[in-house]
Every structure is written in structure tokens, then in C-alpha cells.
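Have a look at the structure below before the remarks.
Number of protein chains: 2
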Amino acid sequence: MNNIEQLFQKILQDKRPENLYNPISYILMQSGKRLRPQLVYIAAEMFNGDPEQVKHIAAAFEMLHNFTLIHDDIMDKADVRRGQPTVYKKWNGNIAILAGDALAVIAMQQLLKLQCDPKTILDLIDIFGRTALEVCEGQQYDLDFETMDEVSLDEYLNMIRLKTSVMFAGCLKAGGRFAGADEESLQALYDLGIHLGIAFQIADDLLDVYAEEEVFGKAVGGDIKDNKKTFLLLKALELADESQKQELHRLFTTPATDEKAKFLAVKSIFDAVHAKEATEKEIARYTEKCIDDINRIHTEKEKKAFVLSLVHRLQSRDK
Amino acid sequence: MNNIEQLFQKILQDKRPENLYNPISYILMQSGKRLRPQLVYIAAEMFNGDPEQVKHIAAAFEMLHNFTLIHDDIMDKADVRRGQPTVYKKWNGNIAILAGDALAVIAMQQLLKLQCDPKTILDLIDIFGRTALEVCEGQQYDLDFETMDEVSLDEYLNMIRLKTSVMFAGCLKAGGRFAGADEESLQALYDLGIHLGIAFQIADDLLDVYAEEEVFGKAVGGDIKDNKKTFLLLKALELADESQKQELHRLFTTPATDEKAKFLAVKSIFDAVHAKEATEKEIARYTEKCIDDINRIHTEKEKKAFVLSLVHRLQSRDK
Numbered sequence: 127m128n129n130i131e132q133l134f135q136k137i138l139q140d141k142r143p144e145n146l147y148n149p150i151s152y153i154l155m156q157s158g159k160r161l162r163p164q165l166v167y168i169a170a171e172m173f174n175g176d177p178e179q180v181k182h183i184a185a186a187f188e189m190l191h192n193f194t195l196i197h198d199d200i201m202d203k204a205d206v207r208r209g210q211p212t213v214y215k216k217w218n219g220n221i222a223i224l225a226g227d228a229l230a231v232i233a234m235q236q237l238l239k240l241q242c243d244p245k246t247i248l249d250l251i252d253i254f255g256r257t258a259l260e261v262c263e264g265q266q267y268d269l270d271f272e273t274m275d276e277v278s279l280d281e282y283l284n285m286i287r288l289k290t291s292v293m294f295a296g297c298l299k300a301g302g303r304f305a306g307a308d309e310e311s312l313q314a315l316y317d318l319g320i321h322l323g324i325a326f327q328i329a330d331d332l333l334d335v336y337a338e339e340e341v342f343g344k345a346v347g348g349d350i351k352d353n354k355k356t357f358l359l360l361k362a363l364e365l366a367d368e369s370q371k372q373e374l375h376r377l378f379t380t381p382a383t384d385e386k387a388k389f390l391a392v393k394s395i396f397d398a399v400h401a402k403e404a405t406e407k408e409i410a411r412y413t414e415k416c417i418d419d420i421n422r423i424h425t426e427k428e429k430k431a432f433v434l435s436l437v438h439r440l441q442s443r444d445k
Numbered sequence: 127m128n129n130i131e132q133l134f135q136k137i138l139q140d141k142r143p144e145n146l147y148n149p150i151s152y153i154l155m156q157s158g159k160r161l162r163p164q165l166v167y168i169a170a171e172m173f174n175g176d177p178e179q180v181k182h183i184a185a186a187f188e189m190l191h192n193f194t195l196i197h198d199d200i201m202d203k204a205d206v207r208r209g210q211p212t213v214y215k216k217w218n219g220n221i222a223i224l225a226g227d228a229l230a231v232i233a234m235q236q237l238l239k240l241q242c243d244p245k246t247i248l249d250l251i252d253i254f255g256r257t258a259l260e261v262c263e264g265q266q267y268d269l270d271f272e273t274m275d276e277v278s279l280d281e282y283l284n285m286i287r288l289k290t291s292v293m294f295a296g297c298l299k300a301g302g303r304f305a306g307a308d309e310e311s312l313q314a315l316y317d318l319g320i321h322l323g324i325a326f327q328i329a330d331d332l333l334d335v336y337a338e339e340e341v342f343g344k345a346v347g348g349d350i351k352d353n354k355k356t357f358l359l360l361k362a363l364e365l366a367d368e369s370q371k372q373e374l375h376r377l378f379t380t381p382a383t384d385e386k387a388k389f390l391a392v393k394s395i396f397d398a399v400h401a402k403e404a405t406e407k408e409i410a411r412y413t414e415k416c417i418d419d420i421n422r423i424h425t426e427k428e429k430k431a432f433v434l435s436l437v438h439r440l441q442s443r444d445k
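These protein sequences, in sequence, are chains Z and D. For the numbering used here, add 126 to where a residue sits in the first sequence, where the first one is 1. For the numbering used here, add 126 to where a residue sits in the second sequence, where the first one is 1.
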């Protein structure tokens, strides 16, 4: 992905004002997972898309992702991301709003740089726009959930579909569309992104409680501390008896005097109702769906090896 | 412009979540000047663009403008706009960030609805993207100016070119491009927008001090109260002698105990150095440039009547 960082540098070179472009450069140059560009490349490679061109699409989606991070961190008042101060913290809220706005525009502009027929570019902009809008919708549902007493598992899954999955789906579909994939394969790529994103997010929820801290690279229990509604919690509530339900409710609505004690109390209920196993089962179920989706992509078997390994890698991730 | 509100309603119908779309609907349905859609229509009409199609471009730019207002009001902590609570005030900062983000995307998506050749749509998206990015740059310069001791008139003009003029220019160029105007006319339309925007903003700065409050519809002196760097102030500083300069500097850096007294003290220096006349001269100079630009548009004279009347109306506006 070295390629993409060179492209970011080129795009941002000599741009003014500095207070707008320095924060953009700061976040783009952090070494993230670059998962979204990978998805764009993987889909494009399955249909022999030219990597020199595909990089513009990969950059567009990675920038779109980072735009959402900049704005989410303002909303969540998050101080640290990827081990470094957030844009909001390092500069301030106003600069973070504007840097995010500008980054979203620059992201879209990358698609205009593609050397291909105009109709393809318009289709890519359409995919990009739908993705961006749905991510906003997902984030708003997430904000709404903070003040809602009850959230159903279906509501939660719809929220993470919008907040996380559509970006994966958009990346895969865009890569495939550019490379000339047929309609059925595009639908399979899109579905793969949806299922992969959900499995990814549920695994994220699980790791927050059950990860090995040394491997995870950050403290466990963040979601419990923030009283966040996660798949694990909602599943536990579904499995809990009345007294366990009330205890979970109390733990998540009363300000904690001892965060460690709260974490252990919540975890002991999760353990008692076997929420971990139920969640792992759900991750496996979505991973199965991913395999089915991959089977529906019309390309040679050997071209699917990479995406299959990615799916398995994400399923068994420990950080 | 009734047309455009119907379109807004149709676009936003049945959209969820409500906390994302209600603020968008709220700001779009406020009766603003609708100046930007007018500019799109005016340019398109000069080259016989189909109004049924042009409305999508007009909507895109009006939405883009409102996106900037939603986010600017967070940054400026502005409570009221168009006589109503701002989105930031009526809901909250987080909702205003997300509503703005979503609105910018929806704005762009309107261009994808055009029924015309794909290359034209790509050109319009290119104009739209450049406009959006430059408006962000202008807003960042404006934020930067708040903490700068000295701002030159040239720096100020560059800021309002980006913050205000490029949107006018983008509207005119986009309308013309859609309707098939030639390259020279497109350049003339773009230049017209730049000059009109600067004249418009300088007139705005003037009205803040010299408007008749009953006609103006809001209190005068807001910019002075907020210690804002305006054309009027920067021109006055240019014309002032050393003691007047120091007095202005003192007035704009010391917290005022009596806002009315501060306003009158500032105004008396403006009057003494004839800043009003110098500013009016500058507005007239930019209006002249507008007339020259209009003369460079390759269309029949009678088709220019409307844009000429708009230029004169904006030049002599009293609110």
C-alpha cells in the first residue's frame, strides 16, 4: 500500500491553507489497516483491473473512511486514534470539521482522475455517494442509540450495516465495476462486503471484552466503560433471565465508581449466559455467508484465493 | 423558485433516520434569497438549457450552500440565521456536523440525476467539487484571520473570493456548461461570478455598518461587535493616520464595556477617513468588471437583460 501513501502525498503537495491541509495529511499518513483500499484492489484484480488506475478508487475510499473518522472523533470526543491524538484533539473542533469536509471532497475528486469511459466514472461516483450517505445514516443511528433505552439486535445490525458494511461493500463493488465485472458478480461483491463488514464489527465488539490486551494493543472494556450498545451486550440481554437483565441494565445506567469492578461484573454475566459463544457462532454464520458470496463471483477459482484468505484472516483476528 | 422547494421535498421524502434528515429539511425549507439557484438558471437560460433539467443543478448548488451554512454556524457558534435558530442551536453540534455531511453528499447526487451525456455530468461534478473544496479553503482562511494581527486587503479579497465568489462562479459556469456554452463564454460566466461575489460581499460589509436598520432587517454593527476583519475595516486601516490606526487597533482588541459606544467610535473613524466612499468606489469597480464579463458572453443581447438587472440590483441592495 506504499503506492497509496505516495498518491496522498502528491495530492496534498503545496496545498494551502496549512490549517486545512495539515490535519488531512496527518490522518492520511497514519499507518492504519488500509483495509478498504485492499478491498478495492482485491475486487479489481479478480477482473484484471489496471492497478495504476485502481489506485485512484482505493485512495477515494480510504479518504472517505478517514473523513468519517475525523468527524466521528469530534462527535465521540475521542482523544486518541491509532495511538496518536485525534485531529479534533491535536487541533480543534472547527479545524476538524473543515478538514473532514475538505477530505470528503478530495476523496470524490480522485474518481474524476480515472482514465476510462465517462459512464464507468459516473457509476463509481454513484457507488461512492451512496456509501458516503449511508455511513452518515449509520452514524446517526449510532448517536440515536446512545439515548435509547432499548435497541433490538435487528436495529443494531442495521446500524452496523450502514456504519461499517456499506463501505466494505462499496469498495468491493467499485473495484469490480471499474474492472468490468458483470451484474451478478457486482451483486455478489456487494453482498460480500455487507456480510464481511458485519462479521468484522461483531468481532470488534467481542474483542473489546475478550481480547488479550498485549495482542490487542489497547485496553479492553472500552465499550463497557462508555455504556455502548454492542452485539455482545444485546445478545447477552436476549439470553439473560430477568434478574441478569436487570443487573445489566443497572450496570449500564448507573455511573460506575470502580470501572474495573463494573467490567468484571458485566463480563461475569456475559460468561454466565454464554454470550461469547453465541457471538462467535454469529461471526461464523456471517463468515459462511461471505464464502457463499465469493462462490457467486464469476471469475476463476485461483483468483478468489486472496479474498478467501482475507475473510478467514478477519474472522480469526485477535486485534 | 417554488419548483426547487418541491424538488427538495421529493428528495427528502420518507428518509430515515429523522435526526439526520429533519435538520436538512428544516434548513432547505427556510426562505433564503435562493441567489445561487437563480445564477444557475440565468446562465442556463442564456444558452437555452432545459429548465426541467437545470433544476437539478440549481438544487445541487443551493444544497451545497446550505451545507456550508450548517457547518459555519457550528464554527461561529451562531444561534440565529434567517430569523430562526440555527441547526446547531435547535438540535446540537453532533447532529449539525452529520446533517451537513449528508447534505453535501445529497447535493452532489443531484447531478447524477441529469439526463444528458455522461461527459457533461462529469464536467459539472468537477465544477461542483472544485467549488466545494475552495469554499472550505475560504472558510479556513476566515478562521485563520480571527487570530491574525494583520490581514492585508489582498489576503482579505482572496478569502472572500474563495468563501463567497467561487460558489457564484460555479453556479454560473455549471448552468452555462450544461446548456452547451462555448469555452470563452464559460470563462466569462466564471469571471462574472467571481466579480459579482466580491461586490456582493463588500456590499455586505458596508451594510453591516451603514444600513438602515428598518430596511436591513437585523441590527447593524454585528461585524464590529465580533471584531471581524471586513473590507471596510481593512480599507479604513489603509486610509487612517497613525493615531487613528492605533485607536482602531485598540477598539478591536480591548473587550468592549459598551458595545454602542464602541460601534460609534469605530464608525466615526470610518467616517473621518471616508472608508464608506472608498468602499462604494470598490463596489462600483467590481460592478464594472461584471458588466465587462457579461459583454464577453456569446449570446444575444436580449438574453443578457436579466443578468444585467441582477447585477444592478445586487450593487444597490439595502439589505
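The beta carbon of each residue, even a glycine, is placed where N, CA and C say it ideally should be. All of these numbers come straight from a predicted model, not from anything done at the bench.
Distance CB(residue i)-CB(residue j) smaller than 8 Å
i, j, result
"Z:D446", "Z:P211", "Absent from the model: residue 446 of chain Z. The displayed extent of chain Z is 127 to 445, so no value can be given."
"D:A184", "D:Y167", "yes"
"Z:I196", "Z:V213", "yes"
"D:F254", "D:L238", "no"
"Z:L154", "Z:N129", "no"
"D:H424", "D:E310", "yes"
"Z:D223", "D:I200", "Just to set this straight, residue 223 of chain Z is Ile in the shown sequence, not Asp. Taking 8 Å as the Cβ cut-off, Z:I223 and D:I200 qualify as a contacting pair."
"Z:M234", "Z:I221", "no"
"D:F271", "D:K361", "no"
"D:D444", "D:E338", "yes"
"Z:L279", "Z:E260", "no"
"D:L332", "D:A258", "no"
"Z:C262", "Z:Q179", "no"
"D:A305", "D:G175", "yes"
"Z:P244", "D:P177", "no"
Residues of its chain near residue i, where Cβ-Cβ distance is below 7 Å and the 5 sequence neighbours each way are ignored
i, result
"D:L363", "K371 and L374"
"D:I150", "L138, A225, A228 and L229"
"D:M127", "Its pLDDT being 48, under 50, D:M127 is placed unreliably in this model, and the value from its coordinates should be taken loosely. Answer for D:M127: R160 and P163, listed in chain order."
"Z:Q156", "R208 and Q210"
"Z:L146", "L224, A225 and A228"
"Z:K388", "I350, L377 and A382"
"D:L283", "I324"
"D:S291", "G319, I320, G323 and I324"
"D:K181", "N129, I130 and L133"
"Z:M285", "G264, Y267, D268 and F271"
Close Cβ partners of residue i (< 8 Å) along its chain, the five nearest in sequence each way excluded
i, result
"D:T420", "Correcting the residue type first, residue 420 of chain D is Ile in the shown sequence and not Thr. So the list reads A314, L318, K430, V433, L434 and V437, once near-sequence residues are dropped."
"D:P143", "none"
"Z:L365", "V399, H400, A401 and A404"
"Z:Y336", "V346 and K402"
"Z:D308", "H424"
Contacts of residue i in chain D (Cβ-Cβ under 7 Å)
i, result
"Z:K215", "Correct list: empty, because the minimum Cβ distance to chain D is about 16 Å."
"Z:K299", "Per Cβ cutoff of 7 Å: no residues; Z:K299 is ~16 Å from chain D at best."
"Z:P244", "P244, K245 and L248"
"Z:D252", "L238"
Close Cβ partners of residue i (< 6 Å) along its chain, the five nearest in sequence each way excluded
i, result
"Z:S330", "Checking the sequence shown, residue 330 of chain Z turns out to be Asp, not Ser. Excluding sequence neighbours, Z:D330 sits near nothing in its chain."
"D:C416", "L318, H321, L322 and V437"
"D:L440", "F326"
"D:E67", "Here chain D covers residues 127 to 445 and nothing more, so residue 67 of chain D does not appear."
"Z:Y412", "H321, I324 and A325"
"D:V277", "F271 and K355"
Per-residue contacts from residue i into chain Z (C-beta, under 8 Å)
i, result
"D:P143", "E263, Q266, Y267 and D270"
"D:L146", "C262, E263 and Q266"
Chain-ordered neighbours of residue i on chain Z, where CB pairs are closer than 9 Å
i, result
"D:A230", "D227, A230, V231 and A258"
"D:I200", "G219, N220 and I223"
Under 7 Å by beta carbon: chain Z residues contacting residue i
i, result
"D:I247", "L248"
"D:I153", "Under the 7 Å cutoff, chain Z gives no residues; its nearest Cβ is about 15 Å from D:I153."
Partner residues on chain A for residue i, Cβ-Cβ distance less than 9 Å
i, result
"D:G255", "The displayed structure is made up of protein chains Z and D, and chain A is not among them."
Beta-carbon neighbours of residue i, restricted to chain D and to distances below 8 Å
i, result
"Z:H197", "I223, L224 and D227"
Within chain D, partners of residue i - CB distance below 9 Å
i, result
"Z:D205", "Chain D residues near Z:D205: none, gap ~16 Å exceeds 9 Å."
Residue i CB to nearest heavy atom of the ligand NAP below 7 Å
i, result
"D:Q241", "The ligand NAP is absent from the structure shown, which contains no ligand whatsoever."
Are the region 165-179 of chain D and the region 298-307 of chain D in contact at 8 Å, needing three or more beta carbon pairs?
yes
Are three or more beta carbon pairs between the region 342-361 of chain Z and the region 388-399 of chain Z nearer than 8 Å?
yes
Return the chain-ordered ranges of every alpha helix (DSSP H) run that is complete within the region 273-346 of chain Z and spans a minimum of 4 residues.
279-286, 292-304, 309-336 and 339-342
Would you be able to state if there are at least three C-beta pairs under 8 Å between the region 319-334 of chain Z and the region 281-295 of chain Z?
yes
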